[in-house]
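Enquirer:
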Amino acid sequence: AIDETIVQVTDSRRYADLLGTEEKFKIFIEDYSKEYATREEYLHRLGIFAKNMIRAVEHQAIDPTAVHGVTPFSDLSEEEFQRLYTGVRVRPQLNRKVQEEDATVEGSDDD
Amino acid sequence: LPESFDWREKGAVTDVKMQGACGSCWAFSTTGAVEGANFVSTGKLLNLSEQQLVDCDHTCDRKDKRACDNGCRGGLMSNAYRYLIEAGGLEDEASYPYTGKRGECKFDPQKVAVQVVNFTDIPVNEKQIAANLVQHGPLAVALNAVFMQTYIGGVSCPLICGKRWINHGVLLVGYGAKGFSILRLGNQPYWIIKNSWGKRWGEHGYYRLCRGHGMCGINTMVSAVVTQVS
Numbered sequence: 644a645i646d647e648t649i650v651q652v653t654d655s656r657r658y659a660d661l662l663g664t665e666e667k668f669k670i671f672i673e674d675y676s677k678e679y680a681t682r683e684e685y686l687h688r689l690g691i692f693a694k695n696m697i698r699a700v701e702h703q704a705i706d707p708t709a710v711h712g713v714t715p716f717s718d719l720s721e722e723e724f725q726r727l728y729t730g731v732r733v734r735p736q737l738n739r740k741v742q743e744e745d746a747t748v749e750g751s752d753d754d
Numbered sequence: 147l148p149e150s151f152d153w154r155e156k157g158a159v160t161d162v163k164m165q166g167a168c169g170s171c172w173a174f175s176t177t178g179a180v181e182g183a184n185f186v187s188t189g190k191l192l193n194l195s196e197q198q199l200v201d202c203d204h205t206c207d208r209k210d211k212r213a214c215d216n217g218c219r220g221g222l223m224s225n226a227y228r229y230l231i232e233a234g235g236l237e238d239e240a241s242y243p244y245t246g247k248r249g250e251c252k253f254d255p256q257k258v259a260v261q262v263v264n265f266t267d268i269p270v271n272e273k274q275i276a277a278n279l280v281q282h283g284p285l286a287v288a289l290n291a292v293f294m295q296t297y298i299g300g301v302s303c304p305l306i307c308g309k310r311w312i313n314h315g316v317l318l319v320g321y322g323a324k325g326f327s328i329l330r331l332g333n334q335p336y337w338i339i340k341n342s343w344g345k346r347w348g349e350h351g352y353y354r355l356c357r358g359h360g361m362c363g364i365n366t367m368v369s370a371v372v373t374q375v376s
């Protein structure tokens, strides 16, 4: 029976259900000894995990010679992953340098 | 230049390390380059301290005073070299072990294991990068890590990977001549990259990336370092 007074407003469960991901998530938790303090945190991480499975499929399509899938970072959002596991502070002049290089490449593409 | 080259086979690369949930990749990239340069000049491989950089290095870029080394919140390898030249050197891992958190600076100049005397930026040309790699040892590089979150193995050769959004410091340790790429219709040369996310990530902690296309900005922030020979 569906309780019409309670409406699902987040999409995390939908993603999880679409892919049948919860079993994979449980294996991921076991493999990487992950612990989540509350049920809410578990569901939140499950939602992120499901989205990352979709990202892995997208990455696999764009990058077919590599293998993409579940990694130790599959329960992190892209923003969390960048904040916690990367950390190079790019100089503004570097971005300009790359932009100039891009322009040169495009300009020389005569034939 | 040799067709393929790998500093790991020559004993110039320490075991894969784990930065943990701390944006200290810049420190690992720096120590990797210093470890390699020290090996090239002395023949000895030392395991050097990232924690010293995380705790003690607050150096800012000369042109952009906002780009400062800031422990787990990020930094730049070129800033770290300047810090090491000014501080007098780098302790080894055993005397200043990694904790994964920024703490009080406990650098002891008496315990310096390696001194840095100079460093240089390498041009964006990937043949020049290969030549410098062979000559100077493993090189500190930075790249756009967007594909690395889901990477498990193989040669990564994405059709699109932004060169402008460089956010991760790693270590270039070698290159190979032939890694098969469907998209590029044949065997493609690749870089061998040491990461700092532990051995359970990627190919036992390593990443292989297409060579010759400036892939993910790999050619834009490359540096080599020279250490003191006593």
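First to last, the sequence lines map onto chains P and A. Note that this note's numbering gives residue 723 to position 80 of the first sequence, counting from 1, and the numbers run on in steps of one. Note that this note's numbering gives residue 332 to position 186 of the second sequence, counting from 1, and the numbers run on in steps of one. Beta carbons are placed, not taken as given, at the ideal position from N, Cα and C, and that holds for glycine.
1) Indicate the three-state DSSP secondary structure (helix, strand or coil) for A:G320 in the structure shown.
2) Helix, strand or coil for A:K209 per DSSP?
3) Output, in chain order, the set of chain P residues within a Cβ distance shorter than 7 Å of A:V301.
4) Mind listing the chain A neighbours of P:I705? Cutoff is C-beta to C-beta under 7 Å, in chain order.
5) Taking 8 Å as the CB-CB limit, is P:R732 close to chain A?
6) May I have the straight-line CA-CA distance separating P:D674 from A:Q374, to the nearest angstrom?
7) Excluding the 5 residues preceding and the 5 following A:G320 in the sequence, name in chain order all residues of the same chain whose CB lies nearer than 6 Å to its CB.
8) Nearest CA to the CA of A:I306: which residue from A:V292, A:C171, A:C214, A:V371?
9) Buried or exposed for P:T664, please, with buried defined as at least 16 other CB atoms from any protein chain shown within 10 angstroms of its CB.
10) Would you mind stating whether A:S175 and A:G360 have Cβ atoms separated by less than 8 Å?
11) Got a sec: is the Cβ-Cβ distance from P:T747 to anything in chain A below 8 Å?
12) Output the distance between the C-alpha atoms of A:F185 and A:V162, rounded to the nearest integer angstrom.
13) Since A:D267 sits in a beta bridge, which residues does DSSP pair it with?
14) Give the residues of chain P in contact with A:L222, contact being defined as C-beta atoms less than 9 Å apart.
15) Between A:E149 and the rest of its own chain, which residues show a CB-CB distance below 6 Å, the 5 nearest in sequence each way excluded?
16) Against A:G169, what residues of chain P qualify as contacts under a CB-to-CB distance less than 8 Å, listed in chain order?
17) What did DSSP end up calling A:D215 once you bin it into helix, strand or coil?
18) Going by alpha carbons, who is nearest to P:G712 out of P:S676, P:V700, P:L686, P:Y685?
19) Please confirm whether A:G315 has its beta-carbon closer than 8 Å to some beta-carbon of chain P.
20) How many whole angstroms separate the CB atoms of A:L199 and A:E239, which I take to be in contact at a CB cut-off of 8 Å?
21) Just confirm the distance between the C-beta atoms of A:F253 and A:A233, as a whole number of angstroms; I'd bet it's less than 8 Å.
22) Nearest-angstrom Cα distance between P:H702 and A:P304?
23) Only counting the same chain, and skipping five residues up and downstream in sequence, which positions put a Cβ closer than 6 Å to that of P:R726?
24) Determine, using beta-carbon pairs with one atom in the region 168 to 183 of chain A and one in the region 283 to 290 of chain A, whether at least three such pairs fall under 8 Å.
25) Can you check whether the CB of P:S720 is closer than 8 Å to the CB of P:F671?
26) How about P:Q664: is its C-beta nearer than 8 Å to some C-beta of chain A?
27) Could one say the Cβ of A:I312 lies closer than 8 Å to chain P's Cβ atoms, at least one of them?
28) Spell out whether any CB of chain A is found under 8 Å from the CB atom of P:F692.
29) Does A:W153 have its Cβ less than 8 Å from a Cβ in chain P?
Expert: Quick answer:
1) By one-based count along the second sequence, residue 320 of chain A stands at place 174. A:G320 falls in the strand class under three-state DSSP.
2) Locating residue 209 of chain A in the second sequence gives position 63, counting from the first residue. Three-state DSSP puts A:K209 in coil, outside helix and strand.
3) Position 155 of the second sequence, counting from 1, holds the residue named residue 301 of chain A. By Cβ distance, chain P contributes T708, A709.
4) Here residue 705 of chain P refers to the residue found at position 62 of the first sequence. Within 7 Å Cβ-Cβ: P304, L305, I306.
5) Here the question's residue 732 of chain P lines up with position 89 in the first sequence. Judged by the 8 Å Cβ criterion, P:R732 is in contact with chain A.
6) As a working mapping, residue 674 of chain P is identified with position 31 in the first sequence. As a working mapping, residue 374 of chain A is identified with position 228 in the second sequence. For P:D674 and A:Q374, the distance between alpha carbons rounds to 44 Å.
7) By one-based count along the second sequence, residue 320 of chain A stands at place 174. Counting only Cβ-Cβ distances below 6 Å, and skipping sequence neighbours, we find F151, D152, W153, I338.
8) If you number the second sequence from 1, residue 306 of chain A lands on position 160. If we check each option's Cα against that of A:I306, A:V292 comes out closest.
9) Your numbering for residue 664 of chain P matches position 21 in the first sequence. Buried, because 16 or more other Cβ atoms sit within 10 Å of the Cβ of P:T664.
10) Numbered from its first residue, the second sequence carries residue 175 of chain A at position 29. Numbered from its first residue, the second sequence carries residue 360 of chain A at position 214. Not in contact: A:S175 and A:G360 (Cβ atoms no closer than 8 Å).
11) Counting from one through the first sequence, the residue named residue 747 of chain P turns up at place 104. Unreliable positioning characterises P:T747 in this predicted model, as indicated by a pLDDT of 43, which lies under 50. A coordinate reading is not provided.
12) In the second sequence, residue 185 of chain A corresponds to position 39, counting from 1. In the second sequence, residue 162 of chain A corresponds to position 16, counting from 1. Rounded to the nearest angstrom, the two C-alpha atoms are 16 Å apart.
13) Reading the second sequence from its first residue, position 121 is the one you call residue 267 of chain A. A:S369.
14) Numbered from 1 along the second sequence, position 76 holds the residue referred to as residue 222 of chain A. Residues of chain P passing the Cβ test: V731, R732, V733, R734.
15) Locating residue 149 of chain A in the second sequence gives position 3, where the first residue counts as 1. Cβ contact annotation for A:E149 (same chain, cutoff 6 Å, sequence separation greater than five): A323, in chain order.
16) By 1-based counting over the second sequence, the position of residue 169 of chain A is 23. What A:G169 touches in chain P: R726, L727, Y728, T729, G730.
17) The residue labelled residue 215 of chain A in the question sits at position 69 within the second sequence. It is coil, neither helix nor strand.
18) The count along the first sequence starts at 1 and reaches residue 712 of chain P at position 69. Checking every option, the nearest Cα to that of P:G712 belongs to P:V700.
19) In the second sequence, counting from the first residue as 1, residue 315 of chain A sits at position 169. So yes, A:G315 belongs to the interface.
20) The count along the second sequence starts at 1 and reaches residue 199 of chain A at position 53. The count along the second sequence starts at 1 and reaches residue 239 of chain A at position 93. A:L199 to A:E239, Cβ: 12 Å. No contact.
21) Mapped onto the second sequence, residue 253 of chain A falls at position 107. Mapped onto the second sequence, residue 233 of chain A falls at position 87. 7 Å between Cβ atoms; contact.
22) Start at 1 with the first residue of the first sequence, and residue 702 of chain P comes out as number 59. Start at 1 with the first residue of the second sequence, and residue 304 of chain A comes out as number 158. Those two C-alpha atoms are separated by around 8 Å.
23) Residue mapping note: residue 726 of chain P aligns to position 83 of the first sequence, counting from 1. Here P:R726 has no same chain residue with a Cβ atom under 6 Å from its own Cβ, once five neighbours each way along the sequence are excluded.
24) yes
25) Stepping through the first sequence from its first residue, residue 671 of chain P is reached at position 28. Stepping through the first sequence from its first residue, residue 720 of chain P is reached at position 77. Not a contact, by the Cβ cut-off of 8 Å.
26) Taking the first residue of the first sequence as 1, we reach residue 664 of chain P at position 21. Position check: residue 664 of chain P holds Thr in this sequence, whereas Gln was assumed. No, no contact with chain A.
27) Taking the first residue of the second sequence as 1, we reach residue 312 of chain A at position 166. A:I312 counts as touching chain P.
28) Stepping through the first sequence from its first residue, residue 692 of chain P is reached at position 49. With 8 Å as the cut-off, P:F692 does not count as an interface residue toward chain A.
29) In the second sequence, counting from the first residue as 1, residue 153 of chain A sits at position 7. The beta-carbon of A:W153 is placed no less than 8 Å from the nearest beta-carbon of chain P.
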